[in-house]
Each structure stands twice: as C-alpha cells, then as structure tokens.
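A short worksheet on the structure shown next.
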Amino acid sequence: MNPSMTNLFPFPEFNSKKTPRVIAGPCSVETPEQLDTTVENLVKVGIRMIRGGVWKPRTRPNGFEGIGSLALPWIQEVKKKHGVRFAIEVATGNHVEEALKAGIDVLWIGARSTVNPFTVQEIAESLKGVDIPVMIKNPVNPDLGLWLGAFERLESVGLTRLGAIHRGFSNYRDTTHRNSPMWQIPIEFRTIRPEIPMINDPSHISGRRDLVASIAQKALDLNFDGLMIESHFQPDAAWTDAAQQLTPEVLGELIGKLKTRKVHFEAPETLHQLEEIRQQIDEADREILEAFARRMHLVEKIGAYKKLNNVAAFQRERWQEVFQSRPEWGKKLGLNSETVEEIYRIIHQESIRRQTEILDQ
Ligand code: PEP
Ligand code: MN
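Sequential numbering from 9 applies to the sequence shown in the working numbering.
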C-alpha cells in the first residue's frame, strides 16, 4: 500500500484490504432508491468508498444538472445504513459549505473546474482550516501547469490530504476515447509530485463500458494508486453517462480480473538480469544517437549544397518519399508505423531547422 494513499484517505476500513483501491458509484445521484440499491450492491463486491455527483457540470444546457442539496440527506442515509465513505464533486464555495455541513468524507474538483484558477481559488478559500481529503481531476485541456497549480492553491490554505485523478483530455479526432488518456501527462505529474497519489478514472476516459477494464489495467501497469469507476445498478437507465457505467456485479468481476503490479524488482537474480538488459539498452541508445548525428551531418552537407545552388530547404517530393518509405521500413522491422512516422516528423523538423540556418548564414 502506497503510504501517500493512506495519507489521502485516513480511513482504516478503506486501507486494510487488498489493493487496488477502488472508489465506485453512479455518475449522478438520481433518486434515494437508485442510490440505495447501487450502494448496497457495491458493498457486496467490496467497495467501501462511493462516488456520486450531486451538482453536475453539463457541457450543454437543459440536461439533468444534478439533484443538488436535496441529495445530501440521501447520502447521509446510505452512509449510515451501509457504512461507506462518500465522495462528491464541488465546484463552488457554496458546494463546499453544504458538503461539509452534510458530513461528506471526500471532495473532488471536476475537470471543468480545474481549468479555472478563480474557481479553484474560491474552493480553496472555502476549505481554509478543514483538512478534508480532496481529489483534483486533471483539467479538460492537456495543461500540466494548471493541474499542478490547483494543488498549489489548495496547499496554500493548509490542505494536506490531496490526490490527483487522471480522467483524460478533451479531443477532436480521437475516435476510441471520450477523453484521450495522454498517459505521459499523469506520468510527468508523478515525476514532479511523486508524493501525491494518482487515481485513474477509466470511465470518463473511455466513455463506453467495454473499454473500462483495459484502461483500468493500463493504469495499474503504470503503477497508479487507485481507480474511480462509475457504477449504477441499471446503467442503461442512468440519467447521465449511461454508456460508460457498469453494474456493481460487472464491476466486481472486473476488479477480480485486474492484475496489480509490484513497484520494484525484488529478487537479486531478476535485478541482475535487469541490469544486463539495461546495459544493452544504453548501447542501443548510443547507436541511435550516433546514427542521428551522422544523419544531421549529411543534412548539413545538403544544406550547403542548396545554398550554393540557391535552392529552398524544403523539398516536398523528397519528404513525401521519406514519410512513405520510413514507416514501411519500420514495419518490416516490427516497429509501429505510426510511431516511426512521428519520429520522422521530428527528424524532418530538425533537418529543416539546420538547413535554413545554413541558408541564412
Ligand atoms: C464526473 O466525475 O462525473 C464528471 C463530471 O467528471 P469530469 O469532471 O471528469 O468530466
Ligand atoms: Mn460521469
């Protein structure tokens, strides 16, 4: 168990059981019956912390915007009846005040709020002097600074129980995900703030229930500290995010199949093998860089030749040919052609930069 997780959630019943830690519950609290039945079934599959939206930020107006404060007594009721902790989203100082009064255990700041420093500041100020666990979702846009800044705003009023939720980033052309995961962003977050637990929200990344398991597994493969997954006792009838919610039963099966990974290699012989392979990787990287330097040297030679003949640096036909052939060569070597194409985009950029430098000398 990652110690930062026990700091975030100082609840013995949540931390005594096996990993992975899963927070689950409906996208929105809808009715007392929906909440009670969902929570009852979630408890049966071992869930001890429930999520549920009370105030819902909707992209377009006129949709269901959450039950609001009326739902807070229903939450108090299921907490008492089923012995669970409860997490809700807050987006204003008023939400915070009402949530605290109702005895909510954990708060989270939604992706649409994290983008707005005024909103985050307002939430921070309303939390002054209250060290309640708060999770901060990544902003909808892939801006690591905004995400980190939200933590700094909450820390500056004295909050210490903070966690991050990776829920993916808005996109235009990603046909697989509702929100592109861009895994490198939470990874970079963790290299900067390794002490902050990172929770993955596969529901909002996928937007569809058949993808939830594979994204959750990927998060565990990357050593995330926990998961937040939407679950509803009748997913298809859910008032919000119907396509991505799972029944508690399906969620229970999914959790049973997830594989948790160790943080480090442990046995000395695996460590030794690891060291050997890493040495070979170092060698391969040196070869890559030497080849890259050699290529750039040749590019400069052509640059000088172009200057002599007063020819433009960018030669469209040549680059079309390069972009065509390299991914194909790569594929024959067992490489992903899209990755090779991306690498050549960077190589092209650098080649053009070097040649224009020569042309402009
Ligand atoms: C939610 O958790 O239901 C939600 C609105 O998520 P997000 O802020 O990630 O869009
Ligand atoms: Mn949702």
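Ideal Cβ positions, reconstructed from N, Cα and C, are used throughout, including at glycine.
Give a single yes or no on whether His212 has its beta carbon closer than 7 Å to a heavy atom of ligand 1. Residue 212 sits at position 204 when you count from the first residue of the sequence shown. His212 Cβ: within cutoff of ligand 1.
Report the residue from Arg161, Asn149, Arg120, Leu156 whose alpha carbon sits nearest the alpha carbon of Glu130. As a working note, residue 130 is residue 122 in the sequence shown. The shortest Cα separation from Glu130 among Arg161, Asn149, Arg120, Leu156 belongs to Arg161.
Cβ neighbours of Arg216 in the same chain (closer than 8 Å, five flanking residues each side left out): In the sequence shown, residue 216 corresponds to position 208, counting from 1. Taken in chain order, the residues that qualify are Arg186, Ala251, Gln252.
Beta-carbon within less than 7 Å of Phe126's beta-carbon, same chain only, minus the 5 sequence neighbours each way: which residues are those? Here residue 126 refers to the residue found at position 118 when the sequence shown is read from its first residue. Closer than 7 Å at Cβ, skipping near neighbours: no residue.
Report all residues for which the CB-ligand distance to some heavy atom of ligand 2 is below 5 Å; order them along the chain. Cys35, Asp249
Just to confirm before moving on: does the CB-CB distance between Ile140 and Ile173 stay below 8 Å? In the sequence shown, the residue the question calls residue 140 occupies position 132. In the sequence shown, the residue the question calls residue 173 occupies position 165. The answer is no: Cβ separation not under 8 Å.
Taking DSSP as the reference, what is the three-state secondary structure of Lys95? Residue mapping note: residue 95 aligns to position 87 of the sequence shown, counting from 1. A quick correction: the sequence has Ala, not Lys, at residue 95. Residue state, collapsed to three classes: strand.
List the endpoints of the continuous alpha helix (DSSP H) containing Ile213. Locating residue 213 in the sequence shown gives position 205, counting from the first residue. Start and end: 210-214.
Classify Trp337: buried if its beta carbon has 16 or more other beta carbons within 10 angstroms, exposed otherwise. In the sequence shown, counting from the first residue as 1, residue 337 sits at position 329. The residue in question, Trp337, is exposed, as its Cβ has fewer than 16 Cβ neighbours within 10 Å.
Just the Cα atoms here: how many angstroms apart are Arg353 and Thr122? Translated into positions along the sequence shown, residue 353 becomes position 345. Translated into positions along the sequence shown, residue 122 becomes position 114. Each residue's alpha carbon lies about 32 Å from the other.
Assuming Trp82 and Glu97 make a contact with CB atoms under 8 Å, what is their CB distance in whole Å? As a position in the sequence shown, residue 82 is number 74, starting the count at 1. As a position in the sequence shown, residue 97 is number 89, starting the count at 1. Contact flag wrong, Cβ pair sits at about 16 Å.
Whole beta strand (DSSP E) elements within the segment 264-302, 3-residue minimum: none
Going by the DSSP bridge assignment, what does Gly171 pair with across the sheet? Your numbering for residue 171 matches position 163 in the sequence shown. In the DSSP output, where bridge partners are listed per residue, Gly171 has Met143.
Short Cβ contact (8 Å threshold) for Phe72 with Trp247: Sequence index remark: in the sequence shown, residue 72 carries index 64 (1-based). Sequence index remark: in the sequence shown, residue 247 carries index 239 (1-based). Yes. Within cutoff.
List the whole-angstrom C-beta distance separating Ala224 from Leu266, where the pair is believed to meet the contact cut-off of C-beta under 8 Å. Working through the sequence shown from its first residue, we reach residue 224 at position 216. Working through the sequence shown from its first residue, we reach residue 266 at position 258. Between Leu266 and Ala224 the Cβ distance is about 6 Å, and since that is below 8 Å, they are a contact.
Between Leu50 and Arg120, what straight-line distance do the alpha-carbon atoms span, to the nearest angstrom? Numbered from 1 along the sequence shown, position 42 holds the residue referred to as residue 50. Numbered from 1 along the sequence shown, position 112 holds the residue referred to as residue 120. Those two C-alpha atoms are separated by around 27 Å.
Residues near Asp293 by beta carbon distance below 8 Å, same chain, minus five either side: The residue given as residue 293 occupies position 285 in the sequence shown. There are no such residues.
Looking at Pro194: is its Cβ nearer than 8 Å to the Cβ of Leu16? Counting from one through the sequence shown, the residue named residue 194 turns up at place 186. Counting from one through the sequence shown, the residue named residue 16 turns up at place 8. The answer is no: Cβ separation not under 8 Å.
So what does Glu238 bridge to, in DSSP terms? In the sequence shown, counting from the first residue as 1, residue 238 sits at position 230. BP columns for Glu238 point to Gly33.
Looking only at C-alpha atoms, which of Ser333, Ile296, Ile360, Leu341 sits nearest to Val319? Indexing the sequence shown from 1 puts residue 319 at position 311. For Val319, the nearest C-alpha among the options comes from Ile360.
Relative to the alpha-carbon of Leu167, which residue among Asn179, Pro150, Trp191, Lys136 has its alpha-carbon at the smallest distance? Taking the first residue of the sequence shown as position 1, residue 167 is located at position 159. That would be Lys136, whose Cα lies nearest to the Cα of Leu167.
Counting beta carbon pairs with one atom in the segment 29-40 and one in the segment 228-241, are three or more of them shorter than 8 Å? yes
How many angstroms separate the CA atom of His201 from the CA atom of Arg29? The sequence position of residue 201 within the sequence shown is 193, counting from 1. The sequence position of residue 29 within the sequence shown is 21, counting from 1. It should be pointed out that residue 201 corresponds to Arg in this sequence rather than to His. Answer to the nearest angstrom: the Cα atoms are 20 Å apart.
Rounded to a whole number of angstroms, what is the C-alpha to C-alpha distance between Gln369 and Trp327? The count along the sequence shown starts at 1 and reaches residue 369 at position 361. The count along the sequence shown starts at 1 and reaches residue 327 at position 319. Straight-line Cα distance between these residues: approximately 23 Å.
Which residues in the same chain have their Cβ closer than 7 Å to the Cβ of Asn149, if we skip the five residues on either side of it in sequence? As a working note, residue 149 is residue 141 in the sequence shown. Within the same chain, Asn149 has close Cβ partners Val123, Phe177, Ser178.
Through-space distance from Asp233 to Asn10, alpha-carbon basis: In the sequence shown, counting from the first residue as 1, residue 10 sits at position 2. In the sequence shown, counting from the first residue as 1, residue 233 sits at position 225. Taking the straight line joining both Cα atoms gives about 7 Å.
Just to confirm the assignment, what range does the beta strand (DSSP E) spanning Ile117 have? Working through the sequence shown from its first residue, we reach residue 117 at position 109. Ile117 -> beta strand (DSSP E) spans 114-117.
Please say whether Leu262 and Phe197 have beta carbons closer to each other than 8 Å? As a first step, residue 197 is located in the sequence shown; it is residue number 189 there, counting from the start. As a first step, residue 262 is located in the sequence shown; it is residue number 254 there, counting from the start. Against a cut-off of 8 Å, the Cβ pair of Leu262 and Phe197 comes out as no contact.
Measuring CB to CB, does Glu349 end up less than 8 Å from Phe322? Position 341 of the sequence shown holds residue 349. Position 314 of the sequence shown holds residue 322. Contact flag unset, no.
Assigned exposure category for Ala79 - 16 Cβ within 10 Å defines buried: By one-based count along the sequence shown, residue 79 stands at place 71. Counting Cβ neighbours within 10 Å, Ala79 comes out buried, since at least 16 surround it.
CB contact flag (Lys315, Leu235, <8 Å): Taking the sequence shown and counting its residues from 1, the one referred to as residue 315 is at position 307. Taking the sequence shown and counting its residues from 1, the one referred to as residue 235 is at position 227. No, they are not a contact pair.
Considering only the beta carbon of each residue, do Lys52 and Pro256 sit closer than 8 Å? Position 44 of the sequence shown, counting from 1, holds the residue named residue 52. Position 248 of the sequence shown, counting from 1, holds the residue named residue 256. Yes; because the gap between Cβ atoms is below 8 Å, this pair is in contact.
From the DSSP output, in three-state form, read off Gly61 for me. Position 53 of the sequence shown holds residue 61. Strand.
Could you say which of Gly61, Gln84, Val86, Thr67 lies nearest to Gly74 if we only look at CA atoms? The residue labelled residue 74 in the question sits at position 66 within the sequence shown. Answer by Cα proximity: Gly61.
Give the DSSP-derived three-state secondary structure of Met190 in the structure shown. Working through the sequence shown from its first residue, we reach residue 190 at position 182. In the structure shown, Met190 sits in coil (DSSP, three-state: anything other than H, G, I, E or B).
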